[in-house]
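Participant: Chains as they are written, first to last, in our numbering: chain A, 1 to 211; chain B, 212 to 612; chain C, 613 to 972.
In this text, a Cβ means the ideal position worked out from N, Cα and C, and glycines have one as well.
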Amino acid sequence: MDINWHSFFFLLVALLTCAFALAVVISSNIVRMAFYLVLSLGGVAGLFFLAGADFLGGLQLLVYVGGTLVLLAFGVMLTARAPLVSMKTAPGQWVLAAVVGGCLLAVLLQVAWSVGQWAGPGRPGVLEEEAKPTAAPLGLGLVGVRVDQLDVDRRADLTEKEKKAREAGMSGYLVAFEVISVHLVVVLIGAAYLARAKRRVDAPLARPPQT
Amino acid sequence: MALQRSGPETVEFDVHTDELLVNMGPQHPSTHGVLRVVVRADGEVVSEVTPQIGYLHRCAEKIGENVTPRQWIPYTDRMDYLAGMNMNLGWALTVEKLLRMELPERARHLRVLIAELGRIASHLVAAGTYGLDLGSFTPFMYCFRERERILDLFELVCGARLTYSYITIGGVTADLPPGWLEECEAFLDQFNPVIDELHAMLTSNAIFIRRTAKIGVLAPEVAIDYGCTGPVLRGSGVSWDLRRDGEPCYTKMYEGYRFEVIAQVDGRYPQDQKYPPVPAAAVLGDSWHRFYVRMLEVVQSVGLVRQAIERYRRSPPDCGEPIRITQKLPKGEAYLETEAPKGQMGFMVISDGAAIPWRARARSSSFCNLSVISELCRGCLIADVPSVLGSLDIVLGEIDR
Amino acid sequence: MAELLKSFVPVWLAYSTAAAVNAALLVVLALMVAAVCNWLERKVAGRIQDRLGPTRVGGRFGWLQSVADGLKLLAKEDLIPQGADRLLFRAAPYVSFCAACSLYLALPLADGWVALQLNSAVFFILAVAGLEVLGVILAGYASGSKWSLFGAMREAAQVVSNEIPLALCALIPVMIAGSMDLVEIGNRQEGWLTNWLVFHDPFTFLTFFVYLTCAVASVNRAPFDLAEAESELVAGFMTEYSGFRWGVFFMAEYASMFVISGLAAILFLGGWNGPVPIAQWLGLTRDVGPLAAWLGNFLGMCNMLLKCSLGVLVMMWLRWTLPRLRIDQVMTVCLRYCIPLAAVALLGAMWWTYMWPGGW
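1) Mind listing which residues of the region 719 to 747 of chain C have their C-beta closer than 8 angstroms to chain A's C-betas, in chain order?
2) Verify whether the separation of the beta carbon atoms of residue 868 of chain C and residue 831 of chain C is less than 7 angstroms.
3) Could you check whether the Cβ of residue 694 of chain C sits closer than 7 angstroms to any Cβ belonging to chain B?
4) For residue 631 of chain B, go through chain C and note every residue whose CB falls closer than 8 angstroms to its CB, in chain order.
5) Among B:588, B:246, B:531, whose alpha-carbon lies nearest the alpha-carbon of residue 193 of chain B?
6) Report the partner residues of residue 548 of chain B according to the DSSP bridge assignment.
7) Buried or exposed: residue 620 of chain C, going by 16 or more other Cβ atoms within 10 Å of its Cβ?
8) Which residues in chain B have a C-beta closer than 9 angstroms to the C-beta of residue 663 of chain C? List them in chain order.
9) Between C:741, C:751, C:663, C:648, which lies nearest to residue 695 of chain C when the distance is taken from Cα to Cα?
10) With distance defined between alpha-carbon atoms, name the residue in B:395, B:608, B:480 nearest to residue 520 of chain B.
11) Taking the alpha carbon of residue 365 of chain B as the reference point, which residue from B:321, B:341, B:400 has its own alpha carbon closest?
12) Could you say which of B:392, B:340, B:495 lies nearest to residue 524 of chain B if we only look at CA atoms?
13) Report the residue from B:564, B:506, B:553 whose alpha carbon sits nearest the alpha carbon of residue 538 of chain B.
14) To which residues of the same chain is residue 60 of chain A closer than 8 angstroms at the C-beta, ignoring the five residues directly before and after it?
15) Assign residue 570 of chain B to one of three DSSP states: helix, strand, or coil.
16) If distances are taken between C-alpha atoms only, which option among B:380, B:590, B:420, B:466 comes closest to residue 532 of chain B?
17) Could one say the Cβ of residue 48 of chain A lies closer than 7 angstroms to chain C's Cβ atoms, at least one of them?
18) Determine the extent of the alpha helix (DSSP H) in which residue 253 of chain B is found, giving its start and end residues.
19) The alpha helix (DSSP H) spanning residue 259 of chain B covers which residue range?
20) Using the three-state DSSP reduction, which class does residue 33 of chain A fall into: helix, strand or coil?
21) Can you name the start and end residues of the alpha helix (DSSP H) that residue 644 of chain C belongs to?
22) Comparing the C-beta of residue 421 of chain B with each C-beta of chain C, is any distance below 7 angstroms?
23) Closest Cβ-Cβ distance between residue 770 of chain C and chain B: below 7 angstroms?
24) Do we get a CB-CB distance below 7 angstroms when we pair residue 213 of chain A with the residues of chain C?
25) Could you check which residue in B:575, B:571, B:598, B:577 has the C-alpha nearest to that of residue 276 of chain B?
26) Quick check: residue 854 of chain C and residue 691 of chain C, are their CB atoms within less than 7 angstroms of each other?
27) Please state if the CB of residue 279 of chain B and the CB of residue 536 of chain B are separated by a distance shorter than 7 angstroms.
28) In the structure shown, what three-state DSSP assignment does residue 968 of chain C receive?
29) Taking just the CA atoms, how far does residue 15 of chain A sit from residue 925 of chain C?
30) Could you tell me which uninterrupted beta strand (DSSP E) segments, each at least 3 residues in length, are contained entirely in the region 42 to 94 of chain A, listed from first to last along the chain?
31) Under 9 angstroms, CB to CB, which of the residues in the region 590 to 603 of chain B have a partner in chain C?
32) Exposed or buried, what is residue 964 of chain C when buried is set at 16 or more other beta-carbons lying within 10 Å of its beta-carbon?
33) List, in chain order, every chain C residue whose beta-carbon is nearer than 8 angstroms to that of residue 255 of chain B.
34) Between which residues of its own chain and residue 749 of chain C is the CB-CB distance below 7 angstroms, once the five residues before and five after are set aside?
35) Compare the C-beta of residue 75 of chain A against all C-beta atoms of chain C and say whether one is closer than 7 angstroms.
36) Take the Cβ of residue 262 of chain B as the centre, count every other Cβ of all protein chains shown within 10 Å, and call the residue buried at 16 or more, exposed below.
The following block contains the structure:
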């Protein structure tokens with residue numbers, strides 16, 4: 001009997017992630033929900049690491065667990081009143097949620113199974129493959145270079161017109177990057193505006209009678 | 212960093228937040244005793260501070276109606292227990308005022324010597340614990356190391372380190388032991404570099420200045436209204452010290468001694484020695500100035516102790532005789548305020564002719580000093596409450612009696 | 613190790629044992645660091661305060677004081693306040709500790725001597741270092757007391773804000789070295805003192821000090837330790853924690869202090885390459901042979917540990933000398949001083965590498 005430790009840990013982390021995600025849904029205490037979500041997203045980061053995407057795993061930890069969830073925990077903690085600390089869900093809502101979630105799961109599973117490359121067991125020698133540098137392609141992609149299609153113009157079977165069409169669409173993710181940045185700036189400004197103090201001068205109060 | 216509320220104005224926030232009622236104490240590392248401070252704060256900004264006292268009340272004044280004045284001296288020790296000698300002195304002088312007693316010269320110089328050493332010891336505690344409140348652990352150790360030396364001197368004199376009952380009505384319980392003056396001088400000689408160290412670690416430290424400058428600014432009129440005295444009053448620029456400006460019964464103890472009253476007059480502190488400069492950030496009446504006044508008073512007290520040692524040596528060897536324990540007090544009343552380290556400590560004795568007073572009363576300096584805290588803390592942050600409290604230098608034994 | 617064991621036991625057992633041993637070594641390193649730092653802190657504090665520190669347990673220098681402290685903590689009563697959320701209260705210290713321990717995965721102690729040679733190691737360390745604050749927040753909330761909540765809020769704000777200048781400062785050596793791989797950054801600084809990145813250009817020199825300030829702020833040491841402020845909130849978010857749970861929090865703090873100093877040492881101070889190239893002089897390089905290489909690496913590891921300890925000592929020195937800053941002053945330092953300085957240094961370093969790409 002030979003255990004493929006990589007697959008074992010991958011399955012274990014995946015199971016934990018799913019379990020904690022279920023716990024988020026099933027739990028009735030909102031702060032505990034936030035905690036389980038932390039563990040679940042940490043599990044996702046673990047899955048990234050196990051799949052060899054170190055940078056993405058680090059990014060997941062930095063942005064999601066260290067940023068978004070800290071903010072969530074903050075907000076939940078500071079505003080958690082009694083009705084939120086023990087939330088009850090009606091049985092009808094459970095059924096509805098199960099049905100919708102189940103349908104989504106079925107669709108996702110069907111799509112996942114239909115990808116030929118993912119269907120079979122791991123290819124031999126996949127464990128010895130070196131993890132490629134994961135930061136450089138991402139960085140290049142963000143500034144506009146489509147690194148996954150760099151060898152396009154070396155393919156001999158494309159016509160000139162097709163090559164030009166491809167090049168025209170090779171703007172990478174630059175536009176998306178800039179749009180998100182502007183969006184974030186707008187969000188920041190909005191938040192600052194909401195939290196500002198408005199000063200308003202009232203009419204002077206009547207002076208108490210002099211005794 | 213206080214919010215200035217100028218005139219009738221409403222500050223509105225779009226996001227509504229609730230006020231928080233936070234309780235500091237009575238068990239708390241920085242309330243300087245068993246003091247309960249109820250803080251009403253909106254997030255970090257304090258809107259009201261209510262001190263609640265009485266946790267250390269021991270019915271000292273009621274007991275004063277059941278024992279003779281000499282028997283009441285240990286109870287005065289336990290009022291401001293960090294400056295027991297000065298408490299003893301206050302009560303002794305009050306009863307001597309009632310009895311119209313005159314003390315021999317040596318007793319007078321001895322009392323100045325001991326009282327000023329007590330002042331140094333009390334201010335060392337104030338400085339050390341103030342640093343501790345703000346997170347600076349090391350000056351606390353240095354201050355207490357020096358205070359240990361003073362306490363050793365006191366132990367040689369009367370056998371006790373904290374509750375002395377040494378200065379009594381009619382003089383002192385016993386004269387100084389031989390060799391004590393030399394030890395005292397040795398202590399003073401090695402003490403000045405320590406003061407410089409404390410200045411470097413606290414008074415001139417940028418972080419300390421940031422934590423204390425412009426915090427808890429006390430205007431002189433408000434200080435006088437609330438009855439604040441001592442370094443709290445002098446830190447606001449009022450030049451008032453009972454050793455110079457008090458009643459003759461008290462000031463004649465300091466007759467002939469050269470010392471400066473530490474208060475900022477016309478924008479300047481006394482220039483008799485080289486003191487660290489006042490930083491630009493500090494505003495007259497803030498916590499930094501109150502701390503600065505105490506540090507400079509320590510230097511003045513060192514000078515006073517040296518002068519007292521000289522005069523003691525030259526005076527005729529008669530230290531006075533304590534009165535009989537059951538001595539009858541004449542009918543009448545006497546009230547005397549003395550300049551204790553923490554402020555003006557007043558004692559009152561009303562007698563109806565018996566040996567036991569009809570009423571014994573102590574007017575506590577820290578009581579009035581503490582009462583101003585709600586004024587000082589309005590608009591500051593929660594982290595500034597220990598800063599202000601520490602700068603007022605209160606001791607609960609005195610407040611609650 | 614797995615190769616060695618394969619000949620004795622089945623392959624799966626070999627790999628799992630090797631993995632378990634490696635993991636245990638890593639955790640032991642973190643714990644040892646915490647234990648030594650605990651003793652060192654008390655000795656350093658004592659000396660600065662003109663006294664001796666522990667002198668009784670384990671000889672004249674109190675070597676075993678940490679052990680005694682650990683035993684004492686284990687033996688204390690396990691208190692959970694009544695209003696506390698029991699699950700979160702129990703879990704919080706371990707969240708912090710796991711975050712602090714995981715940092716050791718990516719910290720190299722010598723050339724190639726690292727548990728996991730990630731090619732985005734700097735990023736990994738910065739990301740995981742920001743996870744400790746989750747444990748703090750949970751602890752603050754789960755204690756069920758306003759004081760703890762206050763302390764946790766302040767600490768979370770402080771740590772999260774300081775991640776920005778910390779990352780900016782860490783970015784500059786990464787940019788100069790051209791890689792986020794710590795082993796590569798360390799190897800680039802081989803040789804003499806002048807090869808150290810801190811002396812590469814004046815902007816990196818400035819960055820080193822900004823990094824130090826942000827590092828001290830992000831591990832909550834004085835003068836930025838208001839989360840543990842004794843005089844204000846009793847002990848902040850740790851008020852309700854006693855006994856071993858408190859010990860776990862403190863171990864997490866010391867462990868992350870060590871790693872942050874280690875990161876500073878590798879990014880700026882040459883890592884395992886000393887001020888003088890001793891290993892080369894002694895002929896202990898890779899070209900000579902595997903044993904020589906191992907010895908050279910061993911010297912490098914000692915050098916690296918020395919630098920980490922120096923960083924930790926400086927942090928302790930600061931704690932026992934300076935008073936504490938208020939939360940708004942801490943945030944001012946971070947947002948109004950550190951971030952602009954780090955940004956200016958980044959621009960300057962960029963310009964410098966553009967003008968003189970091969971070094972000056």
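Facilitator: By the coordinates alone:
1) 730, 731, 732, 735, 736, 738, 739, 740, 742, 743, 745, 746
2) In the third sequence, residue 868 of chain C corresponds to position 256, counting from 1. In the third sequence, residue 831 of chain C corresponds to position 219, counting from 1. Yes, they are a contact pair.
3) Locating residue 694 of chain C in the third sequence gives position 82, where the first residue counts as 1. No, because no Cβ of chain B sits closer than 7 angstroms to the Cβ of residue 694 of chain C.
4) For residue 631 of chain B there is no data in the structure shown, the boundaries of chain B being 212 and 612.
5) There is no way to answer for residue 193 of chain B, as the model of chain B reaches only from 212 to 612.
6) Position 337 of the second sequence, counted from the first residue, corresponds to residue 548 of chain B. Paired residues: B:557.
7) Translated into positions along the third sequence, residue 620 of chain C becomes position 8. Exposed: under 16 other Cβ atoms inside 10 Å.
8) In the third sequence, counting from the first residue as 1, residue 663 of chain C sits at position 51. Those within 9 angstroms of residue 663 of chain C in chain B are 352, 356.
9) Looking up residue 695 of chain C in the third sequence gives position 83. Checked all of C:741, C:751, C:663, C:648; the closest Cα to residue 695 of chain C is C:751.
10) Within the second sequence, numbered from 1, the residue matching residue 520 of chain B stands at position 309. When each option's Cα is compared against that of residue 520 of chain B, the closest is B:395.
11) By 1-based counting over the second sequence, the position of residue 365 of chain B is 154. Comparing Cα positions, the closest option is B:321.
12) As a first step, residue 524 of chain B must be located in the second sequence, where it is residue number 313. Among B:392, B:340, B:495, the Cα nearest to that of residue 524 of chain B is on B:392.
13) Translated into positions along the second sequence, residue 538 of chain B becomes position 327. The candidate whose alpha carbon is nearest that of residue 538 of chain B is B:564.
14) For the purposes of this step, residue 60 of chain A is taken as the residue at position 60 of the first sequence. For residue 60 of chain A, where only same-chain residues beyond five positions count, the Cβ hits under 8 angstroms are 41, 44, 45, 48.
15) For the purposes of this step, residue 570 of chain B is taken as the residue at position 359 of the second sequence. Here residue 570 of chain B sits in strand by DSSP.
16) Position 321 of the second sequence, counted from the start, is the residue given in the question as residue 532 of chain B. When only C-alpha atoms are compared, the closest one is B:380.
17) The residue given as residue 48 of chain A occupies position 48 in the first sequence. Not closer than 7 angstroms to any Cβ of chain C, the Cβ of residue 48 of chain A fails to qualify, so no.
18) In the second sequence, the residue the question calls residue 253 of chain B occupies position 42. Not the alpha helix (DSSP H): residue 253 of chain B falls in the beta strand (DSSP E), residues 247 to 253.
19) Position 48 of the second sequence holds residue 259 of chain B. Run containing residue 259 of chain B: none in the alpha helix (DSSP H); it sits in the beta strand (DSSP E), 256 to 263.
20) The residue you call residue 33 of chain A lines up with position 33 of the first sequence. Looking at residue 33 of chain A - three-state DSSP - the assignment turns out to be helix.
21) Locating residue 644 of chain C in the third sequence gives position 32, where the first residue counts as 1. 623 to 660 is the extent of the alpha helix (DSSP H) around residue 644 of chain C.
22) Within the second sequence, numbered from 1, the residue matching residue 421 of chain B stands at position 210. Output row for residue 421 of chain B: interface = yes.
23) In the third sequence, residue 770 of chain C corresponds to position 158, counting from 1. No, residue 770 of chain C does not count as interfacial toward chain B.
24) Because residue 213 of chain A is not part of the residues shown, which for chain A are 1 to 211, the question remains open.
25) In the second sequence, residue 276 of chain B corresponds to position 65, counting from 1. The shortest C-alpha separation from residue 276 of chain B is found at B:571.
26) Locating residue 854 of chain C in the third sequence gives position 242, counting from the first residue. Locating residue 691 of chain C in the third sequence gives position 79, counting from the first residue. Yes, these two residues count as a Cβ contact at 7 angstroms.
27) The residue given as residue 536 of chain B occupies position 325 in the second sequence. The residue given as residue 279 of chain B occupies position 68 in the second sequence. Yes, Cβ-Cβ distance for residue 536 of chain B and residue 279 of chain B is below 7 angstroms.
28) Locating residue 968 of chain C in the third sequence gives position 356, counting from the first residue. Coil at residue 968 of chain C, not helix or strand.
29) Taking the first residue of the third sequence as 1, we reach residue 925 of chain C at position 313. Taking the first residue of the first sequence as 1, we reach residue 15 of chain A at position 15. If I take the Cα positions, the gap works out to 43 angstroms.
30) none
31) 592, 593, 594, 595, 596, 597, 598, 601
32) Translated into the one-based positions of the third sequence, residue 964 of chain C becomes position 352. With 16 or more Cβ atoms within 10 Å of its Cβ, residue 964 of chain C is classed as buried.
33) Here residue 255 of chain B is taken as the residue at index 44 of the second sequence, counted from 1. The contacting residues are 939, 940.
34) Along the third sequence, read from residue 1 onward, the residue named residue 749 of chain C stands at position 137. Hits under 7 angstroms: 764, 768.
35) Taking the first residue of the first sequence as position 1, residue 75 of chain A is located at position 75. For residue 75 of chain A, the answer is no, since every Cβ of chain C falls outside 7 angstroms of its Cβ.
36) Against the second sequence, residue 262 of chain B aligns to sequence position 51. Buried is the call here.
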